[in-house]
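Colleague: So that we are looking at the same thing, I have put the structure below in structure tokens.
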Amino acid sequence: MVHVYNCHPYASQQIAQVDQEPGLVCCGGGVLFVMATGGCKVEAYSVEQEGCPLICRFATMGTVRRIVHSKIGDYLVTIEEKNSATYLRAYTNWRYQAEEKARVGVRLLGHLLRGASVCGGVQMVIIEIPLSERPAAVACCSLTGDLLVGCENTLVLFTLRKQNQQNPNQSQQSAPTSSSNTQQSQSQGQTSSSNQNLSILDFERSVILHLPQITPKQVALCGGYVAVQAELEVLVLKLEATSESKTLEESSDTNNSEDQADFLLVPGHQELLGDRAKECDVRVSIEKTGLVDRGQFALTYVLFRRFSPEFFQGCSIDETQLHSLQLYPLFTSNQSASLDEPACLFCFFSLPAAGYLYSLKGGVELLSIYQYPEKVQEAVLTDHLLHVITKTALQCFTVRCAAVAARIEDPYIDTTMKACPPCSLDVCALRMQLFIGLRSVCVYGRHIILLSTADTPTPEETERTTQRRSLELKDHTMLTGIFLAVGIDPATTPALESLLSRPFLSRKWAISSPKETSSAGHGWNLYVVNTVSPLTLYQEMVEYSQSYAELNPQAQSLQHLLSEAHLLLRASLLQTSDRQQSTEGDPAVAARTDAGGAADKKAAVQTDRRELEEALRQNCAQLGDCFSRGSVKDCHLALPYYRMSDLSVTDVICRNRPLPGYSHTYGPGFLFYLKHYLLEETDHTLSQEVTDEVIDIFSLSEPSMLVSVCASPSMINVSPARMLQILQRLEETAGVSVPLTITMATMMLHLRDLPQYMQLMERHSEMLLVYGFIEEPRLLLHGGGGRRHAHVYPTALTRQLANSHPGLLVAAMVALHENNKVQLDQADHIFKELGCENCLQVDFWEAMLMASSQDAVIQELLFRLASVYIDRLTNSDTHHELQHAAPKRKSLKTADDLINSCSHYGALYPWLTVLSPAYTTSYQHQEALYKLQSLLCGPSLSVGSVLPLLERLSEETLWGFSLHLLCATRRGQYDSSIAKLLDRCPQAIIAYANHQLQDRNMALWWQKLLPELCNRMRAAADNSILLAALKETLVVVAMEMSPAEFLELIPDDGTASYFLPHLLTCSRRHLRA
């Protein structure tokens, strides 16, 4: 569907003062080229100057049938006829023909002018481009300046080459003189660039494509994309250079042109996109040019579209011929037009009744179908609009190119962050401008050039009409005879009679030839229509949208018109970002930049961009308003558009207050935006007046959201008394819930009513309260939102819980972590903000160690806890330091609690109680020691990770020695541990041996412990502790060894009598066994 809006895109028009009737026109580089009817002279006019003054004129070598300008290289290419022969020629340096007295050089393709030909300085050069077939269509690439020529069943691609040639007569070079300032300024850029080296343009034939099944009528070229258009078919190909040799299959189809000489077979409609395009019946083969081997070309089918005339709908061949083929590139704002490939590429072609716009990159897609109200003769696609002409009017339609570019440029489009109207948005037609006898149209920038002639039949048209009528009679007679031969009388069948009255089978006239322009001079005009700036057109669209807004703020037409305005601004921003880059190859722009100054141009571009960005923000706000009040289907779009508008939430609330005369309800889009704003973590705090209004909005629209709304950090200034009343009413209607109770308790806390606060918190058990915090974490902490490294901070309720319910706070933080509501580092930050890093934070780590199942988290917590315990032991050497380092309150879990409830805390080894008796230290010191010893006795802590930390603890004290001995034992250093223990605390040796020297280590009783005790007894025979240890050791040895083995252990120093009782015991046990 095509929407029609009464917005006028045209600002003014002027008539170009042309002496002779134009036959052909084209434009480019800020210049309008006019070819007189039947003449051999081209006139160039400046379309950017008031009155379109003449720049220069020059003669061609034949009658021009087609003319095209290339921005890259600033050259003209023509198809000319002379003496019944057709030629292809390129005209370079044409700007130096200001007075028609400058020298003109003529050369063949690939042959450069030398010697005397260049002594006179820069001159216009005509390049003859020889072809083996008659050229029918020509196109230039807007990116590279390459040339594509369409011949019958053949496409020839020429690559533009620039060669620098030393100027032999530099002193004689000067810019051509002219009384026109325009001529001087535009030739200045060319002269200055050639002061030392002449940049000479030439072409190189690079590839030839054979298309036996298609006859080109129009061609287009952009980058590596080639488009060819026949009467009813369009084919788009992509050429890519490759180093791999590839053999292309020749077409096996035979040409049945002789059999079809009298009939034209009409195939059905066909549309093949992307990879499916290779399934078409048009076979393409590549011919090597025979020049220097520059590699191979890979050919890819991109798009194929075939149309079939709807003859039974009253259409004729003339009304179904395609025209206006165009490949249009579009760059994003972060691209360089001179260095990068275009991010977007579009293909446009048109039937007289409908136009078709395709996107070729990122997947081939049909963007828009333009249904014309009347027969269109020609169309031109631009960034902003599609301009079409009929015989009596110029009309423009909106395009969707900017929507495609926006999605390629910004990955956040179509998310909650940003939005853009869809590519499938219905197109719209703007107000038309009436003319008489329009024949052709071309566009440069904001200038539309129209050629109109009086609609009077020319002699050629009269003759062609006579020929057509004779052919129609021949066709009718032939087909009537065929039907009569098979026994059917067409006169008795109205349908057949109607069919035979339509001349569509004769190939001789069905292929229409282009109309010749009248030479009788019945009247003509050449108009230059200036379009308004995109910003002006946007403002008119906004004004026009007010009529819809006043009638129905939820109207689809209002939303559609504002979406059109949005795409218009996006296209303008793309064009503004790339304006400097895209005009690097444009001599007219270069000349203006030199004259006016680059600084002024840059400042003007920046000013335009700022105005467009401000307009885009206003448009986003208006679109946000539309979607905020619109249907539920698109209500989510209010959020990204409001974000792009940079409006504050206060402004958005003001814009969405119920309108007078409407029900006091809020749109789903506005509620969606407000919920997302309040649910997201933001540093912006709303005033009390605004928060009260937000509460009223949700009380009226979604009462169930009140708890989440109150928990938002933006609502910190809410009135607690008023909020409490609303929550109490909600509890009466919806019933009691844990999050609601906690929220009411928070309001009591803000009112400093601690008794009521305690009463509300005691309504539910601690476990239910933890579940309530899981359901709404923002009751405890603000910020973060579960994101890693995000800043978080505690709420007032959290601070109160740290004092009154520390166990509940720790349990809640553990639950939030296990449910991925908060990260470990964020929880640590919360406890530091509370000033509880030496108490509650450690309790949290201990509780986390009991609850967590993640190995990485467990290892991190084990190391942290070991570090804390060592710090507490290190800082408790003196009573003063102990008071300074001690936690503010006792730990929630004692060492015994942790040993009994957490598998990572192991039971203390029995010999540790001998080394560190309970009565020797303070309670805090004892708890820290026991917890550290328990971790070292447990299965999870890696001893190697804490060894560097244990170096801070001295072995002078028994408890310090016990920790070092424990680590050495865990590492398997039993020999040294036994020796150290006998040195420091021999009374613990038997307890140590009974626990550690078991199973695989049992041999150490007689291999290490017994020899050590014997040696020490010799030195201190009266040591009762060592003697008792020796006796216990001999008992164990006698139980584990045979008599012979025991006998070998008895020393030979005369003390054997002491060992005899144990030897006797060993023998008796052996005999009983």
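Sequential numbering of the sequence shown, starting at 3, is according to my numbering. Ideal Cβ placement from N, Cα and C applies to all residues, glycine included.
Under a three-way DSSP split, which group does N805 fall into?
Modeller: Note: N805 maps to helix in three-state DSSP.
Colleague: Of the choices V44, H71, L528, whose alpha-carbon is the least far from that of M63?
Modeller: Among V44, H71, L528, the Cα nearest to that of M63 is on V44.
Colleague: On the DSSP bridge assignment, give the partners of F160 in chain order.
Modeller: Partner(s): L149, R207.
Colleague: Reducing DSSP to helix, strand and coil, say where S442 ends up.
Modeller: The answer is strand: DSSP assigns S442 an E or B state.
Colleague: What number of angstroms, rounded off, separates the C-alpha of G365 from the C-alpha of V230?
Modeller: C-alpha separation (whole angstroms): 20 angstroms.
Colleague: Decide if D204 is buried, meaning its Cβ has at least 16 other Cβ atoms within 10 Å, or exposed.
Modeller: D204 should be labelled buried.
Colleague: Who are the near neighbours of Y550 in its chain, counting only those whose CB is closer than 8 angstroms to its CB and skipping five residues on each side?
Modeller: These residues qualify, in order along the chain: A557, S559, L560, L563.
Colleague: Roughly how many whole angstroms lie between the Cα atoms of G191 and V651?
Modeller: Note that G191 scores 39 on pLDDT, short of 50, meaning its location in the model is unreliable and no value can be drawn from it.
Colleague: Give the straight-line distance between the Cα atoms of V1038 and T1057, rounded to the nearest whole angstrom.
Modeller: When rounded, the distance between both Cα atoms is 19 angstroms.
Colleague: Using the beta-carbon count (16 or more within 10 Å), is A13 buried or exposed?
Modeller: With fewer than 16 Cβ atoms within 10 Å of its Cβ, A13 is classed as exposed.
Colleague: With a 10 Å radius around its C-beta and 16 neighbouring C-beta atoms as the bar for buried, classify T184 as buried or exposed.
Modeller: Any reading at T184 is ruled out, since the residue's pLDDT is 36, under 50, leaving its predicted position unreliable.
Colleague: May I have the straight-line CA-CA distance separating A573 from D385, to the nearest angstrom?
Modeller: Taking the straight line from one Cα to the other gives about 6 angstroms.
Colleague: Please classify L239: is it buried, with 16 or more other beta-carbons within 10 angstroms of its beta-carbon, or exposed?
Modeller: It counts as buried.
Colleague: Shortest alpha-carbon distance to L931 belongs to which of C224, L955, T291, P715?
Modeller: If we check each option's Cα against that of L931, L955 comes out closest.
Colleague: Can you give the beta carbon distance from L681 to S710, rounded, assuming they're within the 8 angstroms contact cut?
Modeller: 7 angstroms between Cβ atoms; contact.
Colleague: Which word fits N95, buried or exposed, when buried means at least 16 other C-beta atoms lie within 10 angstroms of its C-beta?
Modeller: The residue is buried, with at least 16 neighbouring Cβ atoms inside 10 Å.
Colleague: In whole angstroms, what is the alpha-carbon distance linking V530 and P55?
Modeller: Rounded to whole angstroms, V530 to P55 spans 12 angstroms at the Cα level.
Colleague: In angstroms with no decimal places, state the Cα-to-Cα distance between D977 and D873.
Modeller: Their Cα atoms are separated by approximately 30 angstroms.
Colleague: Less than 8 angstroms between the C-beta atoms of V70 and V140, yes or no?
Modeller: A contact, by the Cβ cut-off of 8 angstroms.
Colleague: Of the residues L353, S335, E367, which one's Cα is nearest the Cα of L305?
Modeller: Looking at the Cα atoms, E367 is the closest of the given residues.
Colleague: Using the C-alpha atoms, what's the distance from S855 back to S721?
Modeller: Those two C-alpha atoms are separated by around 42 angstroms.
Colleague: On the three-state DSSP scale, how would you describe T628?
Modeller: According to the sequence displayed, residue 628 carries Cys and not Thr. Here C628 sits in helix by DSSP.
Colleague: Please confirm whether L369 and R402 have their CB atoms less than 8 angstroms apart.
Modeller: Yes; because the gap between Cβ atoms is below 8 angstroms, this pair is in contact.
Colleague: Rounded to the nearest angstrom, what separates A302 and I210 at their Cα positions?
Modeller: Note that residue 302 corresponds to Thr in the displayed sequence, not to Ala. Their backbone Cα atoms lie some 15 angstroms apart in a straight line.
Colleague: Buried or exposed, going by whether 16 or more other CB atoms sit within 10 Å of the CB of V621?
Modeller: The residue asked about is misnamed: residue 621 is Asn in this sequence, not Val. Label assigned to N621: buried.
Colleague: What residues in its chain sit with their C-beta under 7 angstroms from that of C9, if we drop five residues either side in the sequence?
Modeller: Cβ neighbours of C9 beyond the five flanking positions: L432, R433, L539, E542, M543, Y546.
Colleague: With a threshold of 8 angstroms, are at least 3 pairs of Cβ atoms found where one atom belongs to the region 720-737 and the other to the region 685-700?
Modeller: Counting Cβ pairs under 8 angstroms, three or more are found: they touch.
Colleague: Give a yes or no on contact between the region 767-777 and the region 811-820, applying the rule of three or more CB pairs nearer than 8 angstroms.
Modeller: Because the criterion of three Cβ pairs below 8 angstroms is met, the region 767-777 and the region 811-820 touch.
Colleague: What separation, rounded to the nearest whole angstrom, lies between the Cα atoms of T65 and E23?
Modeller: Those two C-alpha atoms are separated by around 14 angstroms.
Colleague: Leaving out five residues before and five after S703 in sequence, what residues of the same chain have Cβ atoms less than 8 angstroms from its Cβ?
Modeller: Excluding residues within five positions, the ones whose Cβ falls inside 8 angstroms are T667, Y668, L673.
Colleague: Looking only at its chain, what residues have a beta carbon closer than 8 angstroms to the beta carbon of T1, apart from the 5 residues adjacent to it on each side?
Modeller: Absent from the model: residue 1. The displayed extent of the chain is 3 to 1075, so no value can be given.
Colleague: How long is the line joining the alpha carbons of V378 and H389, rounded to whole angstroms?
Modeller: Cα to Cα, the separation comes out at about 10 angstroms.
Colleague: Do F399 and Y372 have their CB atoms nearer than 8 angstroms?
Modeller: Against a cut-off of 8 angstroms, the Cβ pair of Y372 and F399 comes out as a contact.
Colleague: Below 6 angstroms CB to CB, which residues in the same chain sit around V844 once its five sequence neighbours on both sides are set aside?
Modeller: V870.
Colleague: Just confirm the distance between the C-beta atoms of T971 and W1007, as a whole number of angstroms; I'd bet it's less than 8 angstroms.
Modeller: Not a contact, Cβ separation roughly 15 angstroms.
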